[in-house]
Amino acid sequence: MNIAAPAKAAVQTDWPNAIYRALKAHHVAQVSYVPDAGHSRLIELSHADPAIATTVLTTEEEGVALSAGAWLGGDRAVVLMQSSGVGNCINMLSLLASCRFPFLTLVTMRGEWAEFNPWQIPMGKATAQAFEIMGVTVFRLERPDDAEEVVSAACTLAFESDQPIAILISQRMLGAKKWTETK
Amino acid sequence: MKNSLLDRREAVKALLQGRGDLLVVTGLGSSSYDVFDAGDHDGNFYLWGAMGGAAVMGLGLAQAQPKRPVLVITGDGEQLMGIGGLLTIAARKPQNLSIAVLDNGHFGETGMQRSHSGLGAKLDDIARGAGFSSVVEITELAGIAAFRADVHRLADGPKLALVRISTDHVDRALPPRDGVFLKNRFRQHIGLAVS
Chain V
579 MNIAAPAKAA VQTDWPNAIY RALKAHHVAQ VSYVPDAGHS RLIELSHADP AIATTVLTTE
639 EEGVALSAGA WLGGDRAVVL MQSSGVGNCI NMLSLLASCR FPFLTLVTMR GEWAEFNPWQ
699 IPMGKATAQA FEIMGVTVFR LERPDDAEEV VSAACTLAFE SDQPIAILIS QRMLGAKKWT
759 ETK
Chain H
3 MKNSLLDRRE AVKALLQGRG DLLVVTGLGS SSYDVFDAGD HDGNFYLWGA MGGAAVMGLG
63 LAQAQPKRPV LVITGDGEQL MGIGGLLTIA ARKPQNLSIA VLDNGHFGET GMQRSHSGLG
123 AKLDDIARGA GFSSVVEITE LAGIAAFRAD VHRLADGPKL ALVRISTDHV DRALPPRDGV
183 FLKNRFRQHI GLAVS
């Protein structure tokens with residue numbers, strides 16, 4: 579009897595773990611987040627790691643200020659958010675440009691691929707531009723197999739070259755959100 | 003006519019007396035001027051923007067430097083803009099983080115419009131409700147001395163002091179505005195590499 583995992587799951591990279599490995603390899607010591615279903619595994623991994631101070635935020639802009647404070651004290655920090663929260667960060671992102679603080683955020687996308695909720699679409703369409711007008715460099719992560727490499731490259735740019743970087747994780751890769759729960 | 007509330011410059015000077023290894027983040031506007039006027043220090047990080055971000059910036063710093071006391075000095079208007087940050091800080095319970103809100107009930111930088119605090123909101127009650135371990139309201143210099151001792155004690159955090167200050171005019175005292183300079187100076191002060 580074949581009890582191996584289905585072929586599709588077997589070849590699919592466990593991308594939250596891949597991201598976590600990349601963050602650890604780059605000595606990230608603080609993770610803050612406004613939760614999103616797409617980030618749930620990474621949030622669990624972060625909370626379970628005593629070497630990472632994991633902070634739940636009330637709004638995404640707090641994550642920008644938190645990361646800057648962490649850097650002042652010698653910690654590397656990453657913010658996890660959903661695309662709908664990116665607009666909340668606009669003015670706080672000026673802190674990064676004014677002080678040339680490193681910054682890395684991982685953004686799960688809504689409103690772009692098989693979206694069922696029209697209210698997600700305006701901010702989803704504007705997410706990349708919202709970052710770009712504030713000088714943040716935008717990377718896209720479209721395939722699970724690329725997760726470790728993209729996050730690793732972003733960490734180097736952020737923490738070694740003092741750059742503000744956002745990685746947009748595509749909704750297609752995350753899987754479209756289901757309208758109803760299925761067991 | 004001078005009212006009976008604390009003079010902001012005197013209060014901040016008293017708060018920073020004998021500062022030792024204290025690290026300070028200031029909210030934009032008058033709080034930055036007050037801290038600079040008390041004596042410039044490499045362990046001060048003055049915000050000139052990022053309104054609403056001072057307290058949570060203090061949290062990131064406090065988590066990175068758990069063995070040093072971290073004090074955020076900000077105004078009521080600045081803290082009001084980042085009011086959710088009080089919940090975020092309380093959820094993490096940093097033992098080394100204190101916040102002093104210089105509360106005159108007004109937006110001082112923009113023409114002295116009344117703030118929510120001046121219209122009845124109680125920032126000390128809000129901090130208590132958010133889950134701050136220690137909250138005090140300070141109306142005289144003796145209270146500042148007691149809070150200063152508490153700031154340096156790395157236990158029972160996070161702490162918040164609501165410092166009732168007067169709206170009397172004070173001259174501007176302008177700290178450096180170059181953010182990259184302030185960042186690198188601060189990091190060098192605590193022994194980190196300047197990239």
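Quick mapping for you: the protein sequence lines, in order, are chains V and H. The first sequence maps to residues 579 to 761 in the numbering used here. The second sequence maps to residues 3 to 197 in the numbering used here. Cβ atoms here follow ideal geometry from the backbone N, Cα and C, with glycine treated the same way.
- Consider the Cβ of Arg21/H: report whether some Cβ of chain V lies at a distance smaller than 8 Å. no
- Task: Can you give me, in chain order, the residues of the stretch 59-83 of chain H that have a beta carbon less than 7 Å from any beta carbon in chain V?
- Result: Met59, Gly60, Leu61, Gly62, Leu63, Gln65, Ala66 and Gln67
- Would you mind stating whether Ala744/V and Thr686/V have Cβ atoms separated by less than 8 Å? no
- Item | Meets three-Cβ-pair contact criterion under 8 Å: the stretch 647-656 of chain V and the stretch 106-125 of chain H | no
- Which residues, taken in chain order from the stretch 706-721 of chain V, show a beta carbon closer than 8 Å to some beta carbon of chain H? none
- With burial defined as no fewer than 16 other Cβ atoms inside 10 Å of the residue's Cβ, what is the status of His625/V: buried or exposed? exposed
- Message: Taking the alpha carbon of Ile544/V as the reference point, which residue from Leu671/V, Leu644/V and Ala615/V has its own alpha carbon closest?
- Response: Only positions 579 to 761 of chain V appear in this structure, which leaves residue 544/V out of reach.
- Indicate whether Phe188/H and Phe47/H have their beta-carbon atoms separated by less than 8 Å. yes
- Message: Against chain H, with Cβ distances strictly below 8 Å, would Met579/V count as a contact?
- Response: Because the pLDDT of Met579/V is 43, which lies under 50, any placement of that residue in the model is unreliable, and the question is left without a value.
- Message: Determine whether the beta carbon atoms of Thr141/H and Arg116/H lie at a separation below 8 Å.
- Response: no
- Under 8 Å between C-beta atoms, does Ser135/H make it to chain V? no
- Query: Given that Arg94/H touches chain V, what residues does it touch there, using C-beta distances under 7 Å?
  - Reply: Thr633
- Sort out for me which residues DSSP pairs Asn46/H with in a bridge. Val26/H
- Query: From the DSSP output, which residues share a beta bridge with Pro742/V?
  - Reply: Phe681/V
- Task: Return the chain-ordered list of same chain residues with a C-beta closer than 6 Å to the C-beta of Pro160/H, the five sequence neighbours on each side being excluded.
- Result: Ile91, Pro96, Leu99 and Phe134
- Task: Could you spell out where the alpha helix (DSSP H) holding Met751/V opens and where it closes?
- Result: Gln749 to Leu752
- Neighbouring residues, chain H, relative to Met659/V (Cβ below 9 Å): In chain order: nothing, as chain H lies at least about 14 Å away.
- Message: Please give me, in chain order, every unbroken run of the alpha helix (DSSP H) with length at least 4 that falls completely inside the stretch 96-161 of chain H.
- Response: 125-132 and 143-153
- Task: Give a yes or no on whether the minimum CB-CB distance between Gly652/V and chain H is below 8 Å.
- Result: yes
- Among Arg130/H, Pro71/H and Ser34/H, which has the Cα closest to the Cα of Val14/H? Ser34/H
- Looking only at its own chain, which residues have a Cβ that is under 7 Å from the Cβ of Val728/V, when we skip the five neighbours before and after it? Phe717, Leu719 and Ile745
- Do you know how far the Cα of Leu17/H is from the Cα of Leu243/H? Nothing about residue 243/H can be read from this structure; chain H reaches only from 3 to 197.
- Of all the residues that make up the stretch 102-136 of chain H, which are near chain V by a beta-carbon distance shorter than 8 Å? none
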